[in-house]
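To start, the structure under review is shown below, and the notes come after it.
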Ligand SMILES: Nc1nc2c(c(=O)[nH]1)N[C@H]1C(S)=C(S)[C@@H](COP(=O)(O)OP(=O)(O)OC[C@H]3O[C@@H](n4cnc5c(=O)[nH]c(N)nc54)[C@H](O)[C@@H]3O)O[C@H]1N2
Ligand SMILES: Nc1nc2c(c(=O)[nH]1)N[C@H]1C(S)=C(S)[C@@H](COP(=O)(O)OP(=O)(O)OC[C@H]3O[C@@H](n4cnc5c(=O)[nH]c(N)nc54)[C@H](O)[C@@H]3O)O[C@H]1N2
Ligand SMILES: [Mo]
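Residue numbers (the working numbering): -9 to 670.
Structural data, given as structure tokens:
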């Protein structure tokens, strides 16, 4: 190694349960290699295909390198390079004008482009709180499942990912783990080598389903019915842990009555399965120890998604699976970080005016940008500041989202690495640093380690970290509170309470394991007020199966016109809409595809490779058909999330998805979507 070569400790910033520890090799100020940290147990030295190419993204020739102002019509693609001072003066002046009427007319729009606690909602949140801007309800991904876990366990808590290696049965439920949770898959593989049985519960025959012993291909949005069918069998065969139920579960008698109404035949009929599949699955789950469930967010993107997640979260409480290492379930581990992260210090909600500003749900941004002022809604949205998100591509019903962002009287600022579909509709685009260029600290929603990310290189071009952009804006707005002068290191140091994750230890090692107990619920001890898992929840009752908004049961007239149920799960080589513009990854994915079963294709005169139009009352998506075994009859899979400008006719899959929300958690229902398909 030359003397100019050094290794920097990093963390993967992406919205993925794995939050890997990275080793970044820098030579002469340039990143030459990115590897997984072999010492970090969940990462065990391996990165996914996407992030091992992160340097290609950072040094991409199309990086936004300096601030730009729109010239010509909105969306016209004409930009003028401007200096930082001019850009920030301009933005401050515009925000001040809007805020002089009503600061709630300003809306921040952000999600998890980076999951970092520093470059996420620290300085940005302080800024918008102090301004009195509308608050954003960040629901686009996980809030139905999150509400379900909180109702059931008292928090977003679950198994240690490492413990799946000890399981004898793993239900991989609503998760394409090989694509979206690769480091869990490694532990599942270890269990498989020891003789464990792997079952995949997913409407799509995913690459993960290919590698499991059994694939239960249920209809989208029917997981609640399947869980109730399983419970029926657990009761009927007495595969229950009565002691665990008596001591650690509240509301079981009512749930038991409900479960008894769901014999396997009824569940199978709703799910589009054979009764024998339900019976067999129940037998395996009821009689194998340890038994683990890896639930993922795919199953909660439908009307009844929250109730279904509550039912599934209760399964290990019925069988006492929590007692064994390698038993239990995991949807999210992020709640383990709740006591460790000092969110109030990071985000300073105390800076908000009283009464607190209204809240806008990010999942209904399409409608909300098009709404006029009213007593119920409050002021029209006049300014949006987007960072860490690409709503024009990822938010549902995107024809309306794009129409909203195209409003001439809307002032839009986008902090980005690239000219995304959203940046295309901005008034001002500001260049943001990538993970290789800034400091951050991270928690995870799939393991229990806190991580640090040291900057490896100087910012590319004139890019600045999100924090610095909001710091400079705050100064221009005249915000003089001392928190607006905090450096990134001060913010990073204050993010974790030192007794949970000491910053200096994190810097030395790269990561720190939180002191989360082994077999956390072996003897109850849930995070609810009474320490029990709750089947019956005040205000919610006992969970039930709720059919999709868009199904033959709930909307027969709609189902007659649009008979196919569409889901739009992530493509393996993209991360939501991130990486779509990285050529090497895009060439692996090829082009936007709609997977369709041979019988459904034949009935419509569609062959493999036919360009098709996927449509409903909301819009129309044009892409290529992939006829084959990945789609079950009655279901089409539109893999996401492509940038519209890379799609045929400038469309992507969200043209057809709806803004309706889930039963609990106010989340989107991307996978509750009826369509029809025709050759284009
Ligand atoms: N490579 C890659 N990794 C990712 C992402 C990505 O885009 N690409 N996204 C990241 C994000 S933001 C998240 S939230 C996480 C988790 O994101 P998830 O969306 O949970 O990710 P997957 O596990 O890939 O996909 C969900 C699976 O659920 C299935 N599914 C769809 N509808 C249903 C249903 O009704 N019932 C059941 N049982 N299954 C259903 C889909 O077919 C798919 O295989 O992954 C993260 N990791
Ligand atoms: N149809 C359909 N739609 C979906 C889904 C689906 O399964 N089907 N999945 C949904 C889910 S689970 C999620 S989580 C959402 C995700 O939606 P988003 O959170 O919007 O995720 P991305 O599309 O990856 O966009 C993140 C953007 O942040 C930018 N970014 C990254 N780091 C930084 C930074 O440090 N600073 C700044 N300023 N920008 C940065 C990236 O360049 C990228 O353009 O999409 C949802 N949309
Ligand atoms: Mo997500």
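In this text, a Cβ means the ideal position worked out from N, Cα and C, and glycines have one as well.
Annotation note: the region 152 to 209 contains the following uninterrupted alpha helix (DSSP H) runs of length 4 or greater, listed N- to C-terminal: 167 to 170, 172 to 183 and 197 to 200.
In the displayed model, residue 6 falls within coil according to three-state DSSP, outside both helix and strand. Residue state for residue 560 is assigned as strand, using DSSP reduced to three classes. Residue 138 and residue 209 have their C-alpha atoms some 21 Å from each other. Residue 289 has its Cβ nearer than 7 Å to a heavy atom of ligand 1. When Cβ pairs closer than 8 Å are counted between the two stretches, the region 62 to 80 is seen to touch the region 411 to 418, the count reaching three or more. Between the region 421 to 437 and the region 313 to 325 there are three or more C-beta pairs closer than 8 Å, enough to call the two in contact.
The beta carbons of residue 425 and residue 104 sit closer together than 8 Å.
Per the DSSP secondary-structure output, residue 613 pairs in a beta bridge with 602. Within the region 485 to 573, complete alpha helix (DSSP H) segments of at least 4 residues are found at 493 to 499 and 546 to 551, given in chain order. Relative to the non-hydrogen atoms of ligand 2, the Cβ of residue 5 comes within a distance shorter than 7 Å of at least one. Under DSSP, no beta-bridge partner is assigned to residue 372. For residue 243, no beta strand (DSSP E) encloses it; the enclosing alpha helix (DSSP H) starts and ends at 242 to 249. Following the DSSP letters along the chain, one finds residue 351 inside the beta strand (DSSP E) bounded by residues 349 to 351.
The closest heavy atom of ligand 1 lies 7 Å or more from the beta carbon of residue 214.
Contact between residue 549 and residue 624 does not hold, since the beta-carbon distance rounds to 10 Å and is not under 8 Å. Under the three-state reduction of DSSP output, residue 20 falls in the strand class. Less than 8 Å divides the Cβ of residue 134 from the Cβ of residue 295.
Closer than 7 Å to some heavy atom of ligand 3: that describes the Cβ of residue 131. Remark: the shortest separation between the CB of residue 605 and any heavy atom of ligand 1 does not fall under 7 Å. If the five residues before and after residue 193 are omitted, its C-beta is found closer than 7 Å to the C-beta atoms of 207, 208, 209, 210, 557, 622 and 625, all from its own chain and listed in chain order. When 125, 52 and 85 are compared, the shortest CA-CA separation from residue 367 is found for 125. Within 7 Å of the C-beta of residue 95 there is not a single heavy atom belonging to ligand 2. As the crow flies, the alpha-carbon of residue 47 is around 6 Å from that of residue 572. When distances are taken from the beta-carbon of residue 163 to the heavy atoms of ligand 1, the shortest one is below 7 Å. If you draw a 10 Å sphere on the C-beta of residue 9, you find 16 or more other C-beta atoms in it, and that means buried. At least one heavy atom of ligand 2 sits closer than 7 Å to the Cβ of residue 567.
Between ligand 2 and the CB of residue 649, the shortest heavy atom gap is not smaller than 7 Å. For residue 196, the Cβ falls inside the 7 Å cut-off from some heavy atom of ligand 1.
Between the region 271 to 291 and the region 160 to 179 there are three or more C-beta pairs closer than 8 Å, enough to call the two in contact. Apart from sequence neighbours up to five positions away, the residues of its chain that approach residue 52 with a beta-carbon distance below 8 Å are 408, 409 and 571, ordered along the chain. The alpha-carbon of residue 525 is positioned some 42 Å away from that of residue 456. Taking 8 Å as the upper bound for CB-CB distance, residue 373 and residue 95 are in contact here, some 7 Å apart.
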